[in-house]
Amino acid sequence: MDPNAFNAALNAPAGSAEQFQILSELRAVLEQQQSTVPIFLTTLAPRILIQPGESVIKQWMMDLLLFGLSQSSLVVDNRAQIASSTLDAQVSLLGEQATVYVKGGINCLAASYPLLFRVLCTNRSSRQQWDTISAAKSRILAMVEDTSLALGIRLSAIKFMQRAILVQTRGVNDPRLQNKADPNLTMCPTDHPFVSAQALETEGGELLKKCVMILYTSNNADILSALVNTLAALFKMRPTLAAIVIQAVLKWTPQVAMSGQSAMSVRSVEKSIKILLHHIYKSPQGAPYTRDIADAIQTQTARMEAAAQEARRKRALEAEAANEAAKRTKIEATPVPTPPSVPTSVNLPTSTFANFDFSTLPLPLVIDILIANLAVLSEERLASAIVARKALLGRGAVVPLATDSVLQQDGPPLVAPTPQLPVSASQLESQSQLEVQPSEPEPVVKEEPLDPLKMDIDDDDLEYEPDKLNATAQAQVEAEEEQTQIAPLDPSTFSLPTPRDLSDSARNGLVKSSVTRIWDAGEEVLGRDVKGGSEVAVGLPPEEMWMLLIVRMISRGANGGRVKDEGGDERALVHNLAFREDGMRQMLLDYLLGDFGGRIRLAIVWMNEEWYNDRIQAKHDPSRERQYDIWLGRLASSLKARLEPKDKTFAKFLMELPSIPPNVLSLCRELAETPQQMGIGFAALREFIQLRPPVRPEAMRILLDLTAHPEKVTRNAAINTVRRWVPDVEPMNMGITSFAKKLLEQLQEGRHPFEEHEFPRYLPPKLELPAKKAEVIQHVELMFALSVRVPAFLDEIFAAYVHMEVSVQEAMQDLLAPLVRSLGPTNGKLLSLIKTFEPGAESLILRIIKILTENGRPNANLVALVKELISERNLDARFLMPIIGEMDKPDIVKNLPRIVSMLNGKPEPKALVKSAFQAIVAAPPESFTKGSSNQPRMKQSEQLTPVDLMVLLHEDKEIGIKPAMEAIGICFQIVDVFRSDVLAAVMQQLLDSATLPTLFLRTVIQAVTTYKNLVGFVSTTLLSRLITKKVWTNPPLWEGFIRCAKVIAPASFGALLQLPREQLKELISKQPALKEDLREYVVRRAGPKARLLEVFSDQPDPPPSAAPPDSAPPTAQGDAA
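Given below as structure tokens:
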């Protein structure tokens, strides 16, 4: 859309033709590009509509606003945004002086009210908007009964009232049957801060009562018709109101409020009521009232028939009075001068109206006669009659009045410039009977009562029929001519008069009227069983021959006029003929678009005839433009905007065409890309591929391009269409699989499988790295879908994976998940590929194994396969994680170093190891009092105990110090398994081992720090056992011993006194903070013993002979205790 178009309209002279043209073109563009309508309206409509006064742009913007609010093809949220942003402008239109703006404002608010109600039910902060729309609603509803307003305003207000009732009543209670496009009170929460559902429901009931009251009190036919339409909508969309609507309609009679109104008005309302009753009678909601409805229809039929008979009786009395007056009138004959010769098609006999005084006819009847004759009079005949009249007056001829003239029987006949009407077969038959028996009186036709149910027009007002008068007059003329002796003519000397040359407009008018009559009569023939003269059917059936006549008149009828004139301009003649043909083709196109579903056969005949005619004409004029391509393109483009989502006639029409031009295939592509019409586009492309081999390559190319479309809905629809042909249907299968392989190859580094002319339309020219998942899926989703039907295609995926860039591989891993889940862990092809994968595909195999084990217990075959892969290919521990819960105890012990070696201080491997520990460790027997999130997936005898795991982490020499420390820390995090009693057992078992692990005392310190209740066990048992084991001989353990003693001090003081004197002094020297507290403990517990206290003195150490290095502890264990 040109952004400056609207500015050009603003700058154009107000009300000028230029401004009209710009706005018209802009409206057409906006209707085609409907995605721009919300932005356009929300930006400009509020500023334009609030401007005072009248203007073309203001009315144009108001009409566009109504289009945007009511267009169902726009998303509901976009329409709601339009309604919200333009609400104040819509309300301002109610205060305008011009009726057209008030009506437009009401219509816009009628469309906005349901949209805003739907939004405000969920938006609890926009109270101002609700107050605004509520105030506008009150103003509009007051206009319904205001008789001082224009009728159009009141009708629009009734429409708003209908919308208000629909919104303020409850829809279907079943949530499965609720229509989101039908806002109603079921959407409003009961606790809404400012929208009261109860108050709205009460108001809706009052408005319904108001509708019924006006139905019984108003005498305006238009108002009543609008109310009937309102009740019909309520009956259809609100089943709960069906009983009220039915009772209101059943009890209505014209005597209630329409007494004194014209018969025409009463009959109009009666017909509306009858139509509604028939609709109710056929609907399921009306089933309980079928007897009452049938009685009401019967009563109404009798009432309408009585009214019709009364009207006929009055007209008969008026006609009889007119005839009596005519008999009493004395008419004197006056000669009439002969008028100039004027072309005529009917010569009225002088005896037909010689004794009839037209002045005695009632004025309404005369007006009807004049209108009926003028309606069938062509413009050319009327113009020629006017010219003749002016010429007659110019010569001074006196035209006497009709009341004083008598037509002379022996004079020249008076001609009238009225054209001859088309004569039907029944009229020709009646004329032939008149010619055979001219003297027989016309039989008296018995007057039959009319059935009001079958009356579509006012038959009682059309008793005068000009066709019958003309036919009777013509019959009398022919009878008189037969009685006249005519001299025989010599055929050899007879020649036809030169035909009168008609103007181009006259020719066009004649042809158009002929074509119109043909197809009007042809539609009546369609559906009848018309039997031909031969039992063997050749070409079109008899009831469709009129179609061939029309299309050949249009496509070939003017070709005979393309004759070279020696002195004329042949080029101008050809141009005029082509222009005339295009006009006729456009008329036929418009006729087809009026009801394409019912006239599809005519469209097929037309297109086939145009194609055949193009081939014939090409032999004589190869440069002639192909009309088939032009008009097929126009027809298809026009149909695109009118097609319903589930339409099947378009594909049927295309299948009957003799040739499919490229522009039609492009149109099918556009339909497939449109969400609302994609079913039509894909159906047409599918039929082309299956049934039309000449266009199969191009249609297949379009369909394959759509399998790589960026929109998921379009892409999936295309994939579902093509995969039906794989692997059994050739040649489609070969083309589809080749295209899918090339798409996959396009993701590989350095590969370019597509030629420049065949590169898919919707793929990016170059894959930008790091790759986006949305672009990767465009390349692989087709192959994934085909792999479900043909598992052999998995080989292509695995082979291509190792040649992809890392970011592409990561995207592939995520995108493969749905495919792998659909195949399942028992798929033989998938298990075979896992076993034989190429180097470089480890990340893909790991992802597949995780997907196959994420829900439920892993398959035994899969577990065995993964174990085999780990042992044969020396895979890292990540492959163990998905199956660790299914491994037996020896396998767990064997692979534990591999699992722990993953730890590197990062959170991700730490989480994996923790998950593995939770899977392989059985909870202690007395620990599951509150349940556990670690539900074991195997027998408890096949799992490790917490003690076993902790001991293995300390003693396994293949596990490094740092990974072991991190793994032990993970165990402490699993508090529901590694409790204090478990840790005490671990420490006891490690203490009993022959060689203490390096990390033993680090674990002890961590245990007493975590569980304070372990301090007693460590201070009384564990430290004493360590002293007995001469822990000071192992420097790392001795360092841990000293730190542990400090952590649990003063509880450790009793065990420390068991140390030899030298080791105790070393401990004090390394931990000076313990010196004073330990001295006080010795004095308090052991008394002032000089030998023990000297350890805490600042004096130098005694000579080495004073005490041997390995002497016994200074005090007995009993003393320490």
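Going left to right, the sequence shown walks through residues 1 to 1121 as full-length UniProt numbering numbers them. Don't be surprised by glycine CBs; every beta carbon is placed ideally from N, CA and C.
Counting other Cβ atoms within 10 Å of its Cβ, E18 stays below 16 and is therefore classed as exposed.
Taking the Cα positions, I797 is about 7 Å away from L744.
The beta carbon of Q59 sits closer than 7 Å to the beta carbons of V100 from its chain, once the five residues preceding and following it are set aside; these are given in chain order. With a contact defined as Cβ atoms closer than 8 Å, A221 and S265 qualify at about 4 Å. When DSSP states are grouped into helix, strand and coil, L944 belongs to the strand group.
Taking a 10 Å sphere around the C-beta of H752, we find fewer than 16 other C-beta atoms and assign the residue as exposed.
Residue pairing of Q748 in beta bridges, as defined by DSSP: M804. Beta-bridge pairing by DSSP links V921 to L944. In the structure shown, the three-state DSSP call for L94 is coil. Bounds of any alpha helix (DSSP H) do not take in H757, whose DSSP letter is neither H nor E.
If you ignore the 5 residues before and after S514, its C-beta comes within less than 8 Å of the C-beta of M553, all in its own chain and listed in chain order.
The region 138-154 and the region 117-124 do not touch, with fewer than 3 CB-CB distances between them shorter than 8 Å. Comparing C-alpha distances from D590 to each of P693, K1012, R634, R615 shows the shortest one belongs to R634.
The region 821-835 and the region 858-865 touch, with no fewer than 3 CB-CB distances between them shorter than 8 Å. Counting of Cβ neighbours within 10 angstroms places T169 among the buried residues, the total reaching 16 or more. Judged by DSSP secondary structure, D876 falls outside any alpha helix (DSSP H); it is assigned neither H nor E. One thing to note: V790 has its Cβ within 8 Å of the Cβ of P727. Taking C-beta atoms as the reference points, I970 and K906 fail to come closer than 8 Å.
Secondary structure at Y1011: coil, using DSSP grouped into helix, strand and coil.
In the three-state DSSP reduction, L763 falls in the coil class, being neither helix nor strand. In the three-state DSSP reduction, W606 falls in the helix class (H, G or I).
Our two residues, F754 and F688, have alpha carbons roughly 24 Å apart in a direct line. Distance from the Cα of A83 is smallest, within the candidate group L65, E96, S73, for L65. Inter-residue distance for K640 and D876 is about 59 Å (C-alpha atoms, whole angstroms). The C-beta separation of W611 from S666 comes to about 19 Å, leaving the pair out of contact by the 8 Å criterion. Distances from the CA of Q32 to each of E625, Q51, S638, M143 were compared; the closest alpha carbon is that of S638. Sequence-distant partners of I273 (beyond 5 residues in either direction) whose C-beta falls short of 8 Å from its own C-beta, in its chain, are V228, V249, W252, Q300.
The straight-line gap separating the alpha-carbon atoms of N827 and L794 is approximately 12 Å. L1064 is positioned such that its CB atom lies no closer than 8 Å to that of V1082. Leaving aside the five residues that flank W130 on each side, the residues in its chain whose CB is nearer than 8 Å to its CB run, in chain order, L116, L120, F194, V195.
The region 954-1017 is shown to contain whole alpha helix (DSSP H) runs of 4 or more residues at 961-973, 980-992, 1000-1010, in chain order. Excluding residues up to 5 positions away in sequence, T290, I293, A294, I297 lie with their Cβ nearer than 8 Å to the Cβ of Y281 in the same chain.
Taking a cut-off of 8 Å for Cβ pairs, the region 728-735 and the region 709-717 do not touch, as fewer than three such pairs fall below it. V172 is the residue among Q261, V172, D647 whose C-alpha sits nearest the C-alpha of M237. Boundaries of the alpha helix (DSSP H) around A699: 696-706. In this structure, the straight-line span from the alpha carbon of Y762 to that of V776 is close to 12 Å.
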